[in-house]
Structure formats: structure tokens, C-alpha cells
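When the sequence shown is numbered by the numbering used here, its final residue is 363 and no position is left out of the sequence of numbers.
For each residue, glycine too, the CB sits at the ideal point set by N, CA and C.
Below: one structure, written as C-alpha cells.
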Amino acid sequence: MNSLARLPLVFHDQQAVVDIDPQALATKLAQHFPVLEFAPRDARANPFLHRASTAKAGELTLTSGYTSPIHGYIGENPGIGAINICYAGGAAYTVDGHSHRIHGEAQLFFTPGFAYSYNTDHYNGLVLHVDLKRLQTTAATIGGVGISERRFAADLQRPQVLSLLGERQGELLGTLHRAFALLDAPGLEQQGELGLLQLDDLIYRILALALCPQLAQQSLSGHQRGDCSTRQRIFEELLEWIQANLRSPINLTQLEQRSGYSRRNLQLAFSQRFGCGPMQWIRRQRLDLARQQLLKPGPGDSVAGIAAKFGFASLPAFSRDFHSVYGVRPSELLREGRRVYG
């Protein structure tokens, strides 16, 4: 047995699944991505052995594994980027006639949904597939307010190999390794805290920084990365916009587009500021406006009319939410308002 086969996997080594039938494994892999070819490179010299374990990080599925030498061909996978990271051994990839190789010092290979062929040596590594749209949006969010996603399209539409030899890339790859190590933290997982770390968001941000060299600049079109005052201003402007549009439908997609925040960052920002998510906060604001009008009703006002006016499509849901927040039914408050204000 080759010495690399004895190395522990990146995570969940004890739960690894062992495959010795390459065709059966190819059939399983083809259920998840377009496997067109998959076979041992030299079955006589290297009896086929494949060990792998999987882990979830939010919407990401990551696979760590060891394989004896194989060759294969992966078809086009539009909108999905493939990330292959080498921990030991080596692999060569060919995309559109261009060759790329990863090994201990050049560890990461990225291809943006293009078809590619590959040949591995004895290999210990990790693979994940990323949503290219989310990766591009993440890069724009890091860039700052007013930065278009299109600015990063060129970087994320070409194959890349990232090396440990560059100081910045080496630091980012090291950070990525530490993020992957958290997937093998049984204590966090058992206590249900692993999901709270939002590792998928962290992984996307590290990959965006590593694959988009423009983000290495201290300033991007005059916008400072990590500028707290700028981010605070963006958030305050978002709150003002929400207040001005409480009588109109508002959804998370609109909030993402107006702020440049990812959905997860929106949830985090509102949670830190208000102790709840953005949609819960919006509902509270609408309930407060409805309460004010119930206390000072107009001549033709009704509970149903006031609920609809402030965006509540379901009267029973409005009454239930109102009662849970204020401890009184909206109809009772309307009667009190009419008694006081006639």
C-alpha cells in the first residue's frame, strides 16, 4: 500500500467510505456531477483504492479523500466552479488544451464550469463545487459599495492554480485549511454550534479573495475594504429605505441588491443591531405603524383595512402577530382608539 493511503483525510477520517470498484464509484460520482470518464491509470501496478468522507458547510458539500492513480474527464457544468485542493501527492488537469498541475507547493486548482481531463498520482486532497454567481457576489461585497459584480467576472471565468509560494496566496490557503479543519470538530457539531459559524460564507470569502487579485489592493476605486464607517452608512441608508417603503412589499433580494450585503451578512447585521433577522424587524415596524393607526383611526378604518395597508396579506396572521407583540387584539385596540378619539 502506498504511504499516502495511510495519511489521515482532511476530515471525518474514521467515517471514510472505501471503494475498490472504479466503475461502481464512477456511477456514484455521476449522480452529483458530469463524470464522462473515470478509470485507474495502471490497475496492475496500482490496485484501485479510494477512501473518502463528506461534510456539509451550509450549502456547500465538501469531499476529502485519498485515491490511487486515476484518470478521468469531467464534462461542462455551467454556473458551478470546481475547486480541487491537494494535501499530498499531485494531479494534472487539462482545460481547453492548457495544462495545470497541483502538488504540495501549488495546492489549489479552480475551473469555472469548463470541461476538463485529469490524471492523478497517489493523491490526498479535497474537492468542493461552488456557485459562481454567489462567488462573484461575494467578491463585489468585499470590494465595497458601488462595486459591480462584473468587475470580477474575468478572474472567475478562467482556470487558476494558487500557490503557497506567493505570500498572500499562501496566507489565504493556510486560512482555508484552518476553516476546513473546523469541519472535524465533533464538539461543535454535537452542540449544534458548527452551523452558527457560517463556514460556507467564510469559505466563499476566502476563495473570492484568493481568486480575485483586485481585492488585494488596499483601495478599490476609492472604497476602503473593511471601512466600518462606510458599511455603517450603507446599513443606515438601508434602514431609511425600509422605513420609507413599509407600505410596499419588501423581500430579501431587494435588501441584498440595495445594500450589497450577502443574505447571511444581512442576517448577521440585523441580529447584532436588533436581535432579530431583517424580515422580523420589518414586520415589527409594520406592526408598530398599524398600532399607531389603530389608536388614532380614521372614519372608515377597519382592522382588515389597516392590516392590508401595512403589507399584511393574512388577517389571522396579523391578529396573531399583533397579539403576541402587544398582548392585546387589534380589534380591541381599534375600539379603544374610537372611544378616545371618536
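The alpha helix (DSSP H) that contains residue i, what's its start and end?
i: K154; result: 153-164
i: R279; result: 273-280
i: V346; result: 336-347
i: H198; result: 188-202
i: S352; result: 351-362
i: Q44; result: 43-50
i: L70; result: Note, L70: premise wrong, no alpha helix (DSSP H); not H, not E.
i: L308; result: 299-316
i: G326; result: 324-330
i: I227; result: 220-232
Just the Cα atoms here: how many angstroms apart are residue i and residue j?
i: S335; j: V349; result: 18 Å
i: K49; j: I227; result: 30 Å
i: A26; j: A66; result: 15 Å
i: L149; j: I106; result: 9 Å
i: A328; j: L259; result: 24 Å
i: I263; j: L204; result: 37 Å
i: A51; j: R307; result: 49 Å
i: V31; j: G86; result: 8 Å
i: D343; j: R356; result: As written in the sequence, residue 343 is Phe, which differs from the Asp given in the question. Between F343 and R356, the C-alpha separation is close to 15 Å.
i: P133; j: Q157; result: 11 Å
i: D34; j: R172; result: 40 Å
i: Q239; j: G326; result: With a pLDDT of 39 at Q239, under the threshold of 50, the modelled position of that residue is not reliable, and the figure given next carries that caveat. Computed Cα separation, rounded: 53 Å.
i: R189; j: Q181; result: 15 Å
i: R359; j: G321; result: 11 Å
i: I101; j: R285; result: 20 Å
i: A174; j: A231; result: 14 Å
i: F295; j: S280; result: 17 Å
i: V151; j: R305; result: 35 Å
i: A45; j: L147; result: 20 Å
i: L186; j: E192; result: 10 Å
i: T159; j: E353; result: 48 Å
i: P351; j: V324; result: 7 Å
i: T82; j: L194; result: 19 Å
i: L28; j: M22; result: 11 Å
i: H244; j: R252; result: Interpretation of H244 is limited by its pLDDT of 47, a score under 50 that renders its predicted location unreliable; no figure is taken from the coordinates.
i: Q288; j: N140; result: 42 Å
i: P99; j: F131; result: 14 Å
i: H53; j: Y225; result: 20 Å
i: L69; j: R122; result: Inspection of the sequence shows that residue 69 is occupied by Phe rather than by Leu. Taking the straight line from one Cα to the other gives about 22 Å.
i: L267; j: V361; result: 27 Å
Grab me the residues of residue i's own chain with a C-beta within less than 6 Å of its C-beta, minus the 5 sequence neighbours each way, in chain order.
i: S242; result: With a pLDDT of 48 at S242, under the threshold of 50, the predicted position of this residue should be treated as unreliable, though the coordinate-derived value follows. Answer for S242: no residue qualifies.
i: F291; result: G298, P299, W302
i: L223; result: A200
i: Y144; result: T88, G110, A112
i: A136; result: G96, E97
i: Y94; result: L57, E58, S138
i: F333; result: F339
i: L129; result: I106, L183
i: A127; result: V182, S184
i: L197; result: I227
i: Q36; result: S74
i: R246; result: Legend: pLDDT at R246 = 45, less than 50; position of this residue unreliable, value from coordinates given subsequently. Closer than 6 Å at Cβ, skipping near neighbours: no residue.
i: G79; result: D221
To which residues of the same chain is residue i closer than 8 Å at the C-beta, ignoring the five residues directly before and after it?
i: V38; result: R72, A73, S74
i: L177; result: G102, P133, L153, L156, Q157, A160, L232, C233
i: D142; result: P90, G110, G111, A112
How is the beta strand (DSSP E) around residue i delimited, first residue to last?
i: F367; result: Outside the shown range of the chain (22 to 363) lies residue 367, about which nothing can therefore be said.
i: V39; result: 38-40
i: G125; result: Run containing G125: none; DSSP gives neither H nor E here.
i: A60; result: 56-61
i: L183; result: 181-183
i: S85; result: 81-88
Using a Cβ-Cβ cut-off of 7 Å (strictly less than) and excluding sequence neighbours within five positions of residue i, which residues of its own chain qualify?
i: I271; result: I263, I303
i: H124; result: C107, G111
i: Y347; result: R312
Q. Looking at C-beta atoms only, is the number of pairs between the region 96-113 and the region 62-78 that lie closer than 8 Å three or more?
A. Contact fails between the region 96-113 and the region 62-78, because fewer than three Cβ pairs, one in each stretch, are under 8 Å apart.
**Q.** Stretch pair the region 157-175 + the region 224-235: three plus CB contacts closer than 8 Å
**A.** yes
Q. Quick check: the region 313-323 against the region 274-283, are there 3 or more CB pairs under 8 Å?
A. no
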